[in-house]
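Trainee:
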Amino acid sequence: MEQPRLRPTFDVHVERPPDDTMRAIRDVMESAPRSRRCRSKGRCAELYLADEDRRLWTPYLSVQAEDEPDGTTRLHGRFAPYPEVWTFFMFAYGIGWFGVLFGGAFGYAQWASSEPAWGLWGVWIGGVVVAGLHVASAAGQRLGASAMRELRSRLD
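Each residue of the sequence shown is one higher than the one before, counting from 49 in this note's numbering.
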């Protein structure tokens, strides 16, 4: 079984120039039903599920077209949570690591000066927060796997 990644990515090679590839993607997206939401500008596109299908763990797909030396296109796709979920996740992740680092430094200073090292609790609490976020990330990816498959099939 594949290990969960924070923001799964993939690459697709297309046998046409990047601008033609993005134009073809836009044409298909414009002809799709309204429930299939997407946005595109330049060489970037974002694919979303319909609002009624959206949950906290539902990802969206961001695609960028890049030039290859032989004149073909490399589509770089990345699944990610919606920005407000990702911002909260990164904030909580930063708080957890801050607790680990600050608690470790403060606890060590207390221990080195022969005081009770209660600051080391920050290491444990921050570690639990970081581990909990990794578990939540893995659970969210499992719950959103069908949405990721649907978004990828729409791109294909």
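Glycine included, each C-beta is placed from N, C-alpha and C at the ideal position.
For the alpha helix (DSSP H) that ALA157 lies in, which residues bound it at each end?
Mentor: For this step, residue 157 is matched to residue 109 along the sequence shown. Residues 131-160.
Trainee: Which of the three DSSP states is assigned to ASP101 in this structure?
Mentor: By 1-based counting over the sequence shown, the position of residue 101 is 53. DSSP places ASP101 in helix when its eight states are reduced to three.
Trainee: Could you tell me the boundaries of the alpha helix (DSSP H) in which PRO66 lies?
Mentor: Position 18 of the sequence shown, counting from 1, holds the residue named residue 66. Per DSSP, PRO66 belongs to the alpha helix (DSSP H) from 66-79.
Trainee: Should TRP166 and GLN158 be called a contact, given that it needs their Cβ atoms to be closer than 8 Å?
Mentor: Along the sequence shown, one-based indexing puts residue 166 at 118. Along the sequence shown, one-based indexing puts residue 158 at 110. Contact flag set, yes.
Trainee: So what's GLY119 in DSSP terms, helix, strand or just coil?
Mentor: To locate residue 119, count along the sequence shown from 1; it is residue 71. Residue state, collapsed to three classes: coil.
Trainee: Only counting the same chain, and skipping five residues up and downstream in sequence, which positions put a Cβ closer than 8 Å to that of VAL171?
Mentor: Indexing the sequence shown from 1 puts residue 171 at position 123. The residues are GLY147, VAL148, GLY151, GLY152 and GLY155.
Trainee: For MET70, does the count of other Cβ atoms within 10 angstroms reach 16, so buried, or fall short, so exposed?
Mentor: As a first step, residue 70 must be located in the sequence shown, where it is residue number 22. MET70 comes out buried.
Trainee: Closest by CA to SER201, which one among CYS92, GLU100, TYR108 and ASP99?
Mentor: Here residue 201 refers to the residue found at position 153 when the sequence shown is read from its first residue. SER201 has its Cα closest to that of TYR108, out of CYS92, GLU100, TYR108 and ASP99.
Trainee: Along the alpha helix (DSSP H) that carries ALA184, what are the first and last residues, could you check?
Mentor: Walking along the sequence shown from the start, residue 184 turns up at place 136. Unbroken alpha helix (DSSP H) run through ALA184: 169-191.
Trainee: Going by DSSP in three states, ARG55 sits in which element: helix, strand or coil?
Mentor: Indexing the sequence shown from 1 puts residue 55 at position 7. Reduced to three states, the DSSP call for ARG55 is coil.
Trainee: Do you know whose CA, among PRO117, ALA195 and ALA113, lies nearest ASP67's CA?
Mentor: Translated into positions along the sequence shown, residue 67 becomes position 19. The shortest C-alpha separation from ASP67 is found at ALA113.
Trainee: Rounded to the nearest angstrom, what separates VAL178 and ALA187 at their Cα positions?
Mentor: Your numbering for residue 178 matches position 130 in the sequence shown. Your numbering for residue 187 matches position 139 in the sequence shown. Cα to Cα, the separation comes out at about 14 Å.
Trainee: Out of curiosity, what's the CA-to-CA distance linking THR121 and VAL76?
Mentor: As a working mapping, residue 121 is identified with position 73 in the sequence shown. As a working mapping, residue 76 is identified with position 28 in the sequence shown. A straight-line Cα-Cα distance of about 17 Å links THR121 and VAL76.
Trainee: Hey, would you say THR106 sits closer than 8 Å to GLY192, going by beta carbons?
Mentor: What you label residue 106 is simply residue 58 of the sequence shown in a count that begins at 1. What you label residue 192 is simply residue 144 of the sequence shown in a count that begins at 1. In this structure, GLY192 lies closer than 8 Å to THR106 by Cβ.
Trainee: Spatial neighbours of VAL60 within its chain, please: C-beta separation below 6 Å, excluding the five flanking residues on both sides.
Mentor: Counting from one through the sequence shown, the residue named residue 60 turns up at place 12. So the list reads LEU123, once near-sequence residues are dropped.
Trainee: Under a three-way DSSP split, which group does GLU198 fall into?
Mentor: In the sequence shown, the residue the question calls residue 198 occupies position 150. Reduced to three states, the DSSP call for GLU198 is helix.
Trainee: Taking its Cβ as the centre, do 16 or more other Cβ atoms sit within 10 Å of PHE139, making it buried, or is it exposed?
Mentor: Working through the sequence shown from its first residue, we reach residue 139 at position 91. Looking at its Cβ environment, which holds fewer than 16 other Cβ atoms inside 10 Å, PHE139 is exposed.
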